[in-house]
Ligand code: PXP
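This is the structure:
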């Protein structure tokens with residue numbers, strides 16, 4: 007059953023990692039991810055997402071310090087489940103912590119976290135973060151076993167990995183795309199029924215956002231790479247405004 011809270015406004019978290027990717031290509035100070043974050047705030051982002059990777063390939067510790075000090079919208083701090091990252095999160099106490107898998111050789115976060123394999127350790131890892139007041143989310147595939155395990159860890163939120171859906175769309179694999187979308191729909195409903203808040207993200211574009219935004223259980227989308235790419239052509243604020251328009255259109 008759809009309740010009034012299900013139809014609450016869908017939030018957009020703008021991921022600014024790839025502003026730092028461009029900056030780091032030259033090793034200087036520009037473009038500044040904090041400036042992008044402030045601009046995204048003004049353009050209607052409901053939150054800013056940043057992933058401090060173990061290898062610091064894009065976002066740096068100083069970026070996180072700057073974001074934590076200057077943002078007026080919530081910071082969603084993405085990190086691997088390591089002691090180092092937990093200590094950084096406990097120091098900053100961001101609004102949200104999203105636990106993601108990390109492999110050094112990957113180009114981006116390629117799959118969801120295998121929560122089922124690491125459930126006990128994750129439960130212990132999450133407890134102090136929640137005690138510090140962070141909303142803890144886990145980035146996972148649309149897989150019932152993983153969602154049930156995430157629920158048992160004490161996480162309040164899951165973020166469904168939309169990468170497989172977006173890849174299938176981009177490659178014209180229509181049957182795969184539809185199957186991935188169906189799995190996202192079913193698992194959003196399953197997670198919601200367990201009492202988890204449902205977010206989604208990875209690889210979303212203007213072409214792929216609507217069916218995900220239309221899922222009533224999904225409360226937040228986190229989108230980065232495509233928006234930063236579009237910003238080259240139309241500017242960051244109009245790129246975000248167009249994404250918001252598509253999200254709201256799908257929701258209504
Ligand atoms: N959500 C999570 C948990 C992510 O790790 C990422 C990518 O870093 C995103 C959303 C955003 O993905 P994209 O940059 O492809 O929009």
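Numbering (the working numbering), first residue to last: 7 to 258. Just so it is clear, CB atoms sit at the ideal spot from N, CA and C, and this is done for glycine as well.
Beta-carbon contacts of residue 215 that lie in its chain and below 8 Å, excluding the five residues immediately before and after: By one-based count along the chain shown, residue 215 stands at place 209. Taken in chain order, the residues that qualify are 227, 229, 249, 252, 253 and 256.
Residue 232 Cβ short of 8 Å to ligand 1 heavy atom set: For the purposes of this step, residue 232 is identified with residue 226 of the chain shown, where counting begins at 1. Checking the Cβ of residue 232 against ligand 1 gives yes.
Touching by the beta-carbon criterion (3+ pairs, under 8 Å), the segment 200–213 and the segment 163–176: Verdict: yes, contact present.
Residue environment, residue 12, which counts as buried when at least 16 other CB atoms sit within 10 Å: The count along the chain shown starts at 1 and reaches residue 12 at position 6. Caution is warranted here: a pLDDT of 46 is assigned to residue 12, below 50, making its placement in the model unreliable, and no coordinate value can be reported.
Residue 148 and residue 203 closer than 9 Å at C-beta: Residue numbering aside, residue 148 sits at position 142 when the chain shown is read from its first letter. Residue numbering aside, residue 203 sits at position 197 when the chain shown is read from its first letter. It is not a contact, given that the beta carbons lie outside the stated cut-off.
Assigned exposure category for residue 239 - 16 Cβ within 10 Å defines buried: Numbered from 1 along the chain shown, position 233 holds the residue referred to as residue 239. Residue 239 comes out exposed.
Endpoints, alpha helix (DSSP H) assigned at residue 147: Walking along the chain shown from the start, residue 147 turns up at place 141. First-last for residue 147: undefined, no H or E at that position.
Beta carbon of residue 142 nearer than 9 Å to that of residue 103: Position 136 of the chain shown, counted from the first residue, corresponds to residue 142. Position 97 of the chain shown, counted from the first residue, corresponds to residue 103. The criterion of a C-beta distance shorter than 9 Å is satisfied by residue 142 and residue 103.
Nonlocal neighbours in the same chain, by C-beta distance under 7 Å from residue 88, ignoring five residues either side: Here residue 88 refers to the residue found at position 82 when the chain shown is read from its first residue. Cβ within range, chain order: 60.
Beta-carbon gap between residue 3 and residue 243 smaller than 9 Å: Missing from the structure shown is residue 3; the chain here goes from 7 to 258 and no further.
Cβ-Cβ distance between residue 95 and residue 128 below 9 Å: The residue labelled residue 95 in the question sits at position 89 within the chain shown. The residue labelled residue 128 in the question sits at position 122 within the chain shown. Taking 9 Å as the Cβ cut-off, residue 95 and residue 128 do not qualify as a contacting pair.
Proximity test, residue 126 beta-carbon vs ligand 1 heavy atom, cut-off 8 Å: Translated into the one-based positions of the chain shown, residue 126 becomes position 120. Because no heavy atom of ligand 1 lies under 8 Å away, the Cβ of residue 126 does not count as near it: no.
Proximity winner among 164, 121, 232 and 17, relative to residue 172 (alpha-carbon distances): Against the chain shown, residue 172 aligns to sequence position 166. Checking every option, the nearest Cα to that of residue 172 belongs to 232.
Member of 90, 19 and 28 whose CA lies at the smallest distance from the CA of residue 52: For the purposes of this step, residue 52 is taken as residue 46 along the chain shown, with counting starting at 1. Selected option, being the one with the closest Cα: 19.
Exposure label - residue 181; buried when at least 16 CB within 10 Å: One-based indexing of the chain shown puts residue 181 at position 175. Residue 181 is exposed by the Cβ-count criterion.
Any non-hydrogen atom of ligand 1 closer than 8 Å to residue 162 Cβ: Taking the chain shown and counting its residues from 1, the one referred to as residue 162 is at position 156. No, the Cβ of residue 162 stays beyond 8 Å of every heavy atom of ligand 1.
Euclidean distance between Cα positions of residue 145 and residue 153: As a first step, residue 145 must be located in the chain shown, where it is residue number 139. As a first step, residue 153 must be located in the chain shown, where it is residue number 147. For residue 145 and residue 153, the distance between alpha carbons rounds to 10 Å.
Near ligand 1: residue 140 beta-carbon under 8 Å from a heavy atom: Sequence index remark: in the chain shown, residue 140 carries index 134 (1-based). Residue 140 Cβ: outside cutoff for every heavy atom of ligand 1.
Check: residue 5 C-beta below 8 Å from any heavy atom of ligand 1: Because the chain here runs from 7 to 258, residue 5 falls outside it and cannot be looked at.
Spatial distance of residue 69 from residue 43 (CA atoms): Counting from one through the chain shown, the residue named residue 69 turns up at place 63. Counting from one through the chain shown, the residue named residue 43 turns up at place 37. Whole-angstrom Cα-Cα distance: 11 Å.
Exposure of residue 82, with buried meaning 16 or more beta-carbon neighbours within 10 Å: Looking up residue 82 in the chain shown gives position 76. Classification of residue 82: buried, given that the 10 Å Cβ count is 16 or more.
Rounded separation between residue 7 and residue 24 - CA only: As a position in the chain shown, residue 7 is number 1, starting the count at 1. As a position in the chain shown, residue 24 is number 18, starting the count at 1. Confidence at residue 7 is low in this model, with a pLDDT of 42, below 50, so the placement of that residue is unreliable and no value is reported for it.
Contact test: residue 210 Cβ vs ligand 1 heavy atom, cutoff 8 Å: For the purposes of this step, residue 210 is taken as residue 204 along the chain shown, with counting starting at 1. Yes, since a heavy atom of ligand 1 falls inside the 8 Å radius drawn around the Cβ of residue 210.
DSSP-derived helix/strand/coil call for residue 160: Your numbering for residue 160 matches position 154 in the chain shown. Three-state DSSP puts residue 160 in coil, outside helix and strand.
Contact test: residue 70 Cβ vs ligand 1 heavy atom, cutoff 8 Å: Taking the first residue of the chain shown as 1, we reach residue 70 at position 64. Flag unset: Cβ of residue 70 not near ligand 1.
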